[in-house]
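The sequence shown begins at 0 in numbering that gives the first Met the number 0 and counts up one residue at a time.
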Amino acid sequence: MDAKKPMKFAQKTKGESIKDTWKVLIVDDEESVHTITNAVLNGITFDHKKLEFISAYSGTQARELMQENPDIALILLDVVMENDNAGLEFVDYVRNDLENKMVRIVLRTGQPGYAPEKEVIDQYDINDYKEKTELTAQKLYTTVITSLRNFKDLIDLQNQKIPVEKKQNSMMYEFSQTALEKLITTMKESCEGKCEGIEIVVCEFVKENKMILASTESYKGLDYEGFIAKYPDIQEAIEKALELKSSISIEKGMVSYYEDESGNENIVYVNSPKHLTQNDIQLIEMFSFNISSAIELYYK
Numbered sequence: 000m001d002a003k004k005p006m007k008f009a010q011k012t013k014g015e016s017i018k019d020t021w022k023v024l025i026v027d028d029e030e031s032v033h034t035i036t037n038a039v040l041n042g043i044t045f046d047h048k049k050l051e052f053i054s055a056y057s058g059t060q061a062r063e064l065m066q067e068n069p070d071i072a073l074i075l076l077d078v079v080m081e082n083d084n085a086g087l088e089f090v091d092y093v094r095n096d097l098e099n100k101m102v103r104i105v106l107r108t109g110q111p112g113y114a115p116e117k118e119v120i121d122q123y124d125i126n127d128y129k130e131k132t133e134l135t136a137q138k139l140y141t142t143v144i145t146s147l148r149n150f151k152d153l154i155d156l157q158n159q160k161i162p163v164e165k166k167q168n169s170m171m172y173e174f175s176q177t178a179l180e181k182l183i184t185t186m187k188e189s190c191e192g193k194c195e196g197i198e199i200v201v202c203e204f205v206k207e208n209k210m211i212l213a214s215t216e217s218y219k220g221l222d223y224e225g226f227i228a229k230y231p232d233i234q235e236a237i238e239k240a241l242e243l244k245s246s247i248s249i250e251k252g253m254v255s256y257y258e259d260e261s262g263n264e265n266i267v268y269v270n271s272p273k274h275l276t277q278n279d280i281q282l283i284e285m286f287s288f289n290i291s292s293a294i295e296l297y298y299k
């Protein structure tokens, strides 16, 4: 695909303002990808707002469009375009040069079996990735709506900053609990009922503060000190992940670890009645990353 191919913009009806739409940037050097994506998602609304599609066929075009449209909510991004790293270079530009931490980025790869390593996801602030072959109409719809909901949550959180610590924490807890419930729902959809009884607790370490941000029912009603006093075996697993600064596997689940650029540390402890699949682990790691990103943005 010619990198100089004209950029395409979604048609808007007369009188429709930018604020009435969610801007979705499609970055891919294959025309068919743009055509199919538009066809599948055309007419979809989220939170009473339509989707507005913007197309770029190279990383260079995508950079220009991001400068012109800083309110883009979601980027559906190909990995390999004018060069093998064009997609990742564009992500680096968005996150570090433009300092845009809000837009959600979903990598779409046409290379079967390709999966970015956790270090790549962390380094480049990628929110999700999918193989193009697995993105059926329903899965594409789910991916887009989930990403837009996450973007909206971040915008709402940023707009509701209140200089009162108690209200700040309350809002952060609500955001984290809602995100946790969405994670569990997504896992249950893919595990055919085998996830019943899964137990999760989300902990955040901000400077000297140790907090439980969200949890499943079995861990509710406890602050962090009360939690580790009641569950010393879980404390041991959490401390091991903190010491190693890495996610670890445990007998019945995992402890996900993520540290943001400000040095805040996020822990997601998962006790699962079933063996966690690679997909489960990826979902948990991305959940941990998204919670950490929200907290870092919130406390700036």
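Glycine included, each C-beta is placed from N, C-alpha and C at the ideal position.
When the options are compared against residue i, the one with the closest alpha-carbon
i           : options           : result
residue 267 : 289, 278, 34      : 289
residue 56  : 68, 215, 86       : 86
residue 207 : 264, 240, 244     : 264
residue 40  : 50, 285, 238, 31  : 50
residue 203 : 184, 176, 32      : 176
residue 54  : 65, 171, 156      : 65
residue 142 : 97, 75, 215       : 75
residue 260 : 127, 97, 294      : 294
residue 281 : 84, 125, 215, 152 : 125
residue 172 : 79, 291, 237, 236 : 291
residue 174 : 183, 184, 84, 152 : 152
residue 296 : 82, 99, 201, 236  : 99
residue 135 : 234, 62, 32       : 32
residue 63  : 45, 92, 237       : 92
residue 61  : 88, 45, 83        : 88
Whole-angstrom C-beta distance between residue j and residue i, which should lie under 8 Å
i           : j           : result
residue 226 : residue 211 : 6 Å
residue 37  : residue 52  : 6 Å
residue 179 : residue 213 : 4 Å
residue 48  : residue 70  : The Cβ separation is near 12 Å, so there is no contact.
residue 311 : residue 147 : As displayed, the chain neither begins before 0 nor continues past 299, which places residue 311 out of reach and without an answer.
residue 185 : residue 199 : Not confirmed; about 12 Å, so no contact.
residue 145 : residue 130 : Between residue 130 and residue 145 the Cβ distance is about 17 Å, and since that is not below 8 Å, they are no contact.
C-alpha gap between residue i and residue j, whole angstroms
i           : j           : result
residue 197 : residue 219 : 14 Å
residue 305 : residue 101 : Because residue 305 is not part of the residues shown, which for the chain are 0 to 299, the question remains open.
residue 137 : residue 105 : 16 Å
residue 94  : residue 222 : 34 Å
residue 149 : residue 103 : 8 Å
residue 42  : residue 139 : 14 Å
residue 276 : residue 283 : 11 Å
residue 188 : residue 195 : 11 Å
residue 34  : residue 28  : 12 Å
residue 59  : residue 157 : 30 Å
residue 279 : residue 258 : 20 Å
residue 77  : residue 224 : 45 Å
residue 239 : residue 262 : 17 Å
residue 183 : residue 274 : 15 Å
residue 161 : residue 79  : Unreliable positioning characterises residue 161 in this predicted model, as indicated by a pLDDT of 42, which lies under 50. The coordinate reading is nonetheless provided below. Using only the alpha carbons, I get a separation of about 42 Å.
residue 234 : residue 170 : 26 Å
residue 209 : residue 201 : 11 Å
residue 245 : residue 30  : 40 Å
residue 46  : residue 181 : 17 Å
residue 132 : residue 217 : 39 Å
residue 321 : residue 236 : In the structure displayed, the chain extends from 0 to 299; residue 321 sits before or after that span and is not available.
residue 256 : residue 84  : 27 Å
residue 205 : residue 90  : 26 Å
residue 44  : residue 82  : 34 Å
Closer than 8 Å to chain C by CB, residue i
i           : result
residue 187 : The chain inventory of the structure shown lacks chain C, comprising one protein chain alone.
* At least three beta-carbon pairs within less than 8 Å, the segment 247-258 to the segment 270-277 -> yes
* Three or more beta-carbon pairs under 8 Å between the segment 275-289 and the segment 225-240, yes or no? -> With a cut-off of 8 Å, the segment 225-240 and the segment 275-289 do not count as touching, because too few Cβ pairs lie within range.
* Examine the Cβ distances between the segment 118-127 and the segment 22-29 and report whether three or more of them are shorter than 8 Å. => no
* **Those runs of the beta strand (DSSP E) which lie wholly inside the segment 188-217 and span at least 3 residues** => 198-205, 208-214
* Runs of alpha helix (DSSP H) wholly within the segment 19-47 (minimum 4 residues, chain order) -> Unbroken alpha helix (DSSP H) runs of no fewer than 4 residues, entirely contained in the segment 19-47, are found at 30-40, following chain order.
* **Complete alpha helix (DSSP H) runs within the segment 234-299 (minimum length 4 residues, chain order)** => 277-297
* **Length-filtered (4 minimum) alpha helix (DSSP H) runs lying within the segment 55-84** => 58-67
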